Amino acid sequence: MADTAANSQVNLIKAGLEDAVVSTSEICFIDGQKGRLLYRGFDVDDLAAQSTFEETVYLLWYGHLPTRKELEAHTKALSATANRKLPPKLIAMLRLFPKKTTPMEILRTGVSALSAFDPDADDNSREATLRKSIRLTAQMPTLVAAWERIRRGKPLMTPNPKLNLAGNFLYMMSGKPPTPLAAKTFDVALILHADHEFNASTFAARVTAATLSDVHSGVVSGIGALKGPLHGGANEQVMLMVDKIKDPAKAGAFIKKAIADKARLMGFGHRVYRVEDPRAKHLRRLATELGQQIHDMHYVEILNTVAAAVTAEKHIYPNVDLYSGAAYAAMGISTDQFTPIFAMSRVAGWAAHVLEQHGNNRLIRPRSDYIGATEARYVSLADR
Ligand code: CMC
Numbered sequence: 016m017a018d019t020a021a022n023s024q025v026n027l028i029k030a031g032l033e034d035a036v037v038s039t040s041e042i043c044f045i046d047g048q049k050g051r052l053l054y055r056g057f058d059v060d061d062l063a064a065q066s067t068f069e070e071t072v073y074l075l076w077y078g079h080l081p082t083r084k085e086l087e088a089h090t091k092a093l094s095a096t097a098n099r100k101l102p103p104k105l106i107a108m109l110r111l112f113p114k115k116t117t118p119m120e121i122l123r124t125g126v127s128a129l130s131a132f133d134p135d136a137d138d139n140s141r142e143a144t145l146r147k148s149i150r151l152t153a154q155m156p157t158l159v160a161a162w163e164r165i166r167r168g169k170p171l172m173t174p175n176p177k178l179n180l181a182g183n184f185l186y187m188m189s190g191k192p193p194t195p196l197a198a199k200t201f202d203v204a205l206i207l208h209a210d211h212e213f214n215a216s217t218f219a220a221r222v223t224a225a226t227l228s229d230v231h232s233g234v235v236s237g238i239g240a241l242k243g244p245l246h247g248g249a250n251e252q253v254m255l256m257v258d259k260i261k262d263p264a265k266a267g268a269f270i271k272k273a274i275a276d277k278a279r280l281m282g283f284g285h286r287v288y289r290v291e292d293p294r295a296k297h298l299r300r301l302a303t304e305l306g307q308q309i310h311d312m313h314y315v316e317i318l319n320t321v322a323a324a325v326t327a328e329k330h331i332y333p334n335v336d337l338y339s340g341a342a343y344a345a346m347g348i349s350t351d352q353f354t355p356i357f358a359m360s361r362v363a364g365w366a367a368h369v370l371e372q373h374g375n376n377r378l379i380r381p382r383s384d385y386i387g388a389t390e391a392r393y394v395s396l397a398d399r
């Protein structure tokens with residue numbers, strides 16, 4: 016090919032930006048060899064054991080653990096009905112969508128629409144972005160729950176400001192107060208999903224923020240990237256696989272065949288971790304506890320068999336998406352809501368990264384290694 020780019024760079028960057036460092040950051044650290052995950056220096060194991068989602072959001076946004084007074088004010092803002100409720104016109108808009116619209120499509124569209132109603136929409140100062148981030152974090156669970164009830168023809172629930180974000184979400188979804196174990200499990204799941212360094216959706220959010228666009232736009236970019244099955248969409252795919260397997264006794268044979276067919280095994284593997292994702296062990300424990308509470312262990316048993324077979328045969332390990340769905344399913348949540356739940360938590364990380372990007376901004380604008388034609392001659396339509 017004589018006319019292709021002569022000075023094409025030999026691939027200096029590995030495909031998929033593997034190992035490329037894009038920017039400094041003080042928010043999140045992953046040690047992929049040791050399987051450690053830190054938010055602002057704090058081990059996620061400690062946060063899962065001792066913190067709450069509300070406190071973790073504060074930590075991610077402000078960089079330190081809150082005092083009692085700071086936490087009270089922050090929790091009050093996240094729980095206030097004024098911040099949690101959806102504009103009536105947005106609810107009217109939701110009712111216009113076909114009932115088959117997926118919850119992730121509704122979330123992507125709904126978050127975009129929320130910006131039209133936000134009083135700080137055109138203010139990108141740090142203070143306004145924090146106020147918008149509070150509202151988005153408070154509104155997203157209401158949006159997810161509202162679509163669940165609209166598509167099932169049920170009346171909408173009013174948010175309960177006495178419940179924390181996890182408990183209130185479960186209440187708005189089902190119309191009943193959650194069991195203490197369900198509320199605690201959900202809170203820990205939110206902590207575990209809140210941030211993860213420069214993953215695809217966070218990078219998308221930062222690219223958007225780096226044009227000096229607003230936090231709603233950054234979050235919409237993040238939701239779009241999270242939706243795919245190689246990222247947040249994997250938790251839904253795991254449960255679809257489990258539903259196909261049906262019986263723990265059939266899991267081993269199913270995986271043997273999937274490996275022979277060179278299928279991509281959802282909930283396994285990671286770009287950064289070379290060992291088990293540290294979040295997976297917490298979700299396995301929580302899914303197990305919930306399964307025991309409802310006397311239905313078949314999801315967890317299938318997943319344990321699948322995990323043992325995949326690890327032994329492929330040497331790839333469970334990631335955050337393997338067990339989360341089993342825990343949510345034990346709470347009666349539909350499979351297609353698993354990825355929106357991931358987004359309800361990750362909005363904390365996306366907002367932290369938008370704030371950090373705006374705080375020390377330079378447009379993110381990489382180059383491609385052009386390998387196409389360079390001397391193409393235009394031929395008029397009549398002569399082609
Ligand atoms: N199933 C089968 N093979 C796999 C898997 C998997 N889940 N993950 C990696 N591999 C193999 C892959 O076939 C390749 O082998 P070879 O070199 O022989 O061709 C090698 O491992 C490297 O795979 P890759 O796709 O180049 O690795 P990556 O770093 O680009 O992909 C990943 C990372 C997460 C996309 C991938 O592991 C994957 O597709 N996993 C399944 C989807 C999933 O669970 N995603 C959730 C990720 S964690 C949380 C989140 O982001 O939501």
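Be aware that the sequence shown starts at 16, since it is given in the numbering used here, and climbs by one per residue.
Glycine included, every Cβ here is placed at the ideal spot set by N, Cα and C.
Since the model is a prediction, treat every value here as computed from it, not as a measurement.
- Glu41 counts as exposed, since fewer than 16 other C-beta atoms from the protein chains shown sit within 10 angstroms of its C-beta.
- Between the stretch 298–317 and the stretch 340–350, the count of Cβ pairs shorter than 8 angstroms is three or higher; the stretches touch.
- At a Cβ-Cβ threshold of 7 angstroms, Met346 and Ala197 count as neighbours.
- For Arg51, the pairing in a beta bridge is given by DSSP as Asp46.
- No residue range can be given for His330, since it is assigned to no alpha helix (DSSP H) and is classified by DSSP as neither H nor E.
- Within its own chain, the residues whose Cβ lies closer than 8 angstroms to the Cβ of His246, once the five positions on either side in sequence are excluded, are Asn214, Ala215, Ser216, Ala240, listed in chain order.
- By the criterion of a C-beta distance shorter than 7 angstroms, Gln252 is surrounded in its chain by Pro244, Met281, once the five residues flanking it on both sides are discounted.
- Excluding sequence positions up to five before and after Val362, its CB lies within less than 7 angstroms of the CB of Leu151, Thr152, Met155, Val234, all in the same chain and listed in chain order.
- Residue burial annotation: His330 is exposed, with fewer than 16 other C-beta atoms found within 10 angstroms of its C-beta.
- Annotation for Ile206 indicates a beta carbon at 6 angstroms or more from all heavy atoms of the ligand CMC.
- Distances from the alpha-carbon of Pro102 to those of Asp137, Phe353, Ser130 put Ser130 closest.
- Using a cutoff of 6 angstroms, the CB of Phe283 counts as near the ligand CMC, since one of the ligand's heavy atoms is closer than that.
- In this structure, the CA atom of Val315 is about 23 angstroms from the CA atom of Ala209.
- Remark: C-beta atoms of Val335 and Arg399 do not approach each other more closely than 7 angstroms.
- Per DSSP, the unbroken alpha helix (DSSP H) holding Phe68 starts and ends at 68–77.
- Relative to the non-hydrogen atoms of the ligand CMC, the Cβ of Leu280 comes within a distance shorter than 6 angstroms of at least one.
- Judged by the Cβ position, Val59 fails to qualify as a neighbour of the ligand CMC at the 6 angstroms threshold, every heavy atom of the ligand being at least this far.
- Residues of the same chain with a CB within less than 6 angstroms of the CB of Ala266, apart from the 5 flanking positions on each side, are Ile260, Ile317, Thr320, Val321 in chain order.
- Beyond the five residues adjoining it in sequence on each side, Arg99 comes within less than 6 angstroms, by CB distance, of Ala153, Thr157, Pro174 in the same chain, given in chain order.
- Using a cutoff of 6 angstroms, the CB of Asn334 counts as near the ligand CMC, since one of the ligand's heavy atoms is closer than that.
- In the three-state reduction of the DSSP assignment, Phe112 falls in the coil class.
- Between Ser94 and Ala366, the CB-CB gap reaches or exceeds 7 angstroms.
- Between the stretch 43–59 and the stretch 181–188, the count of C-beta pairs closer than 8 angstroms stays below three; the two stretches do not touch.
- In the three-state scheme derived from DSSP, where H, G and I count as helix and E and B as strand, Ala209 is classed as coil.
- Rounded to the nearest angstrom, the gap between the Cα atoms of Val230 and Ala143 is 10 angstroms.
- For Thr96, the enclosing alpha helix (DSSP H) covers residues 96–99.
- In this structure, Pro333 sits near Glu291, with a CB-CB distance shorter than 7 angstroms.
- Relative to the ligand CMC, Leu52 has its C-beta separated by 6 angstroms or more from all heavy atoms.
- Gly306: member of the alpha helix (DSSP H) spanning 293–308, first to last residue.
- Under the DSSP definition of a beta bridge, Asp58 partners with Leu53.
- The beta-carbon distance between Ile379 and Val222, rounded to whole angstroms, is 5 angstroms. This is short enough to meet the 8 angstroms contact definition.
- Burial check for Ile206: the Cβ neighbour count within 10 Å reaches 16 or more, so the residue is buried.
- Under the Cβ criterion (8 angstroms, minimum of three pairs), the stretch 63–78 does not count as touching the stretch 116–124.
- Taking C-beta atoms as the reference points, Ala220 and Gly248 fail to come closer than 7 angstroms.
- In this structure, DSSP gives Ala358 a helical state, which the three-state scheme calls helix.
- In this structure Leu298 touches Ala204 by the C-beta definition: roughly 7 angstroms separates them, less than 8 angstroms.
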